[in-house]
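Q:
Numbering (the working numbering), first residue to last: 4 to 132.
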């Protein structure tokens, strides 16, 4: 997915920052962008379709022994940030979500490795969510 995000950054000069984890990516465009006349639906469709097609074309580069069994699809949305502070708060929220998800998954799989079933491990961790 990082390789796909890099391609987005290379393809679209108005995209100046990318942050991703798990199954999501956030892209930041220049404040003064006129990319597709700032039409959110157009920006959304162009970036997510380019990201998805790049994912398909790069699949064998990363998973040479495994066929892509289903076409990928990605959730997408456009968020307009009124100020740099709002953008920073948004990115901090995504970073915090990443950290929380990482901690949960680390604990989940540690419990599974120690002998719990995945269902039992999720039940133990239920109090954390």
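Using N, Cα and C, we set each Cβ at its ideal position, and we do this for glycine too.
Bear in mind that the values here come from a model prediction, so they are computed numbers and not experimental data.
Thinking C-beta only, is residue 125 closer than 8 Å to residue 106?
A: It is not a contact, given that the beta carbons lie outside the stated cut-off.
Q: Please list the segments of the beta strand (DSSP E) lying wholly inside the stretch 18-42, counting only runs of 3 or more residues, in order along the chain.
A: With a minimum length of 3 residues, the continuous beta strand (DSSP E) runs that stay inside the stretch 18-42 are 18-24, 27-32.
Q: Express the C-alpha separation of residue 50 and residue 44 in angstroms, rounding to a whole number.
A: The straight-line gap from Cα to Cα measures roughly 10 Å.
Q: Please classify residue 4 as buried or exposed, where buried requires at least 16 neighbouring CB atoms within 10 angstroms.
A: Per the 10 Å Cβ criterion, buried.
Q: Quick check on residue 130: does DSSP put it in helix, strand or coil?
A: Reduced to three states, the DSSP call for residue 130 is helix.
Q: Can you tell me which of 81, 90, 59, 65 puts its alpha carbon nearest to the alpha carbon of residue 73?
A: When only C-alpha atoms are compared, the closest one is 59.
Q: Do residue 12 and residue 6 have their CB atoms nearer than 8 Å?
A: For residue 12 and residue 6, no; Cβs fall outside 8 Å.
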